[in-house]
Amino acid sequence: LRLSPSITQLTGYQAKELLGKRITDVLVSKQDYQYLTEQFRQHGHLHNLELPIRHKNGTSLWISLNAQYYFAAANLPLGMEGTIRNITGRKLAEAEMDKLSRALTQTADMVMITDRSGIIEYINPAFTEVTGYTKNEVLGKKANLLKSGRQSQDFYQHLWQTLLAGEAFS
Numbered sequence: 252l253r254l255s256p257s258i259t260q261l262t263g264y265q266a267k268e269l270l271g272k273r274i275t276d277v278l279v280s281k282q283d284y285q286y287l288t289e290q291f292r293q294h295g296h297l298h299n300l301e302l303p304i305r306h307k308n309g310t311s312l313w314i315s316l317n318a319q320y321y322f323a324a325a326n327l328p329l330g331m332e333g334t335i336r337n338i339t340g341r342k343l344a345e346a347e348m349d350k351l352s353r354a355l356t357q358t359a360d361m362v363m364i365t366d367r368s369g370i371i372e373y374i375n376p377a378f379t380e381v382t383g384y385t386k387n388e389v390l391g392k393k394a395n396l397l398k399s400g401r402q403s404q405d406f407y408q409h410l411w412q413t414l415l416a417g418e419a420f421s
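Going by this note's numbering, the residue at position 8 of the sequence shown is 259; the numbering climbs one at a time, nothing skipped.
Quick look at the structure:
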């Protein structure tokens, strides 16, 4: 029924192309629309509902939707009013992080991630295979628990200087 100019910037459609159309005809798949309306029925409003929409050029983008019904004088719903935010960049970054996470989990190389203080934040399954330590035994502990006593202090100093410089240590 009405829309702001920002929706046309987001979707590539001009206002006259969207006004009077069903949302499923232009922007949202029927399946996503069914999910959207089911969420509306259950909660009476939508808060940060994330779903993909179609751009005029055929690509998909992700939005976060906040919406509520607005009513006529007789308390009959006239329509839905809300705001959308483009979250495509975040969703792409999350997908990339998921790929990297799966790669770290599946690699045969031992991986340990620490904070700048040397507190272990992540280990992969290969770490457990090589060292025998489980996640529960090492997460939150200092990385020096792996200190074998076979290396000199200079070795460990070089190791940490290398890592803190953002370089790989092998």
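The beta carbon of each residue, even a glycine, is placed where N, CA and C say it ideally should be. All values reported here derive from a predicted model rather than from experimental measurement.
For E301, which residues in the same chain have their Cβ closer than 8 Å to its Cβ, ignoring the five residues on either side in sequence?
Along the sequence shown, one-based indexing puts residue 301 at 50. Within the same chain, E301 has close Cβ partners W313, I314, S315, L316, I338 and K342.
Beta-carbon within less than 8 Å of I370's beta-carbon, same chain only, minus the 5 sequence neighbours each way: which residues are those?
Here residue 370 is taken as the residue at index 119 of the sequence shown, counted from 1. Result list for I370: G391, K392, K393 and A394, in chain order.
Considering E372, what are the terminal residues of the beta strand (DSSP E) in which it resides?
Here the question's residue 372 lines up with position 121 in the sequence shown. Note, E372: beta strand (DSSP E), I371 to I374.
At least three beta-carbon pairs within less than 8 Å, the segment 261-276 to the segment 289-299
With the rule of 3 Cβ pairs closer than 8 Å, the segment 261-276 does not count as touching the segment 289-299.
Fully enclosed by the segment 311-373, which beta strand (DSSP E) runs are 3 residues long or longer?
If we require 3 residues or more, the beta strand (DSSP E) runs fully inside the segment 311-373 come out as 311-322, 328-337 and 363-365.
Considering only C-alpha positions, which residue in the set A323, V279 and R336 is nearest to H298?
Walking along the sequence shown from the start, residue 298 turns up at place 47. The residue with the shortest Cα to Cα distance from H298 is R336.
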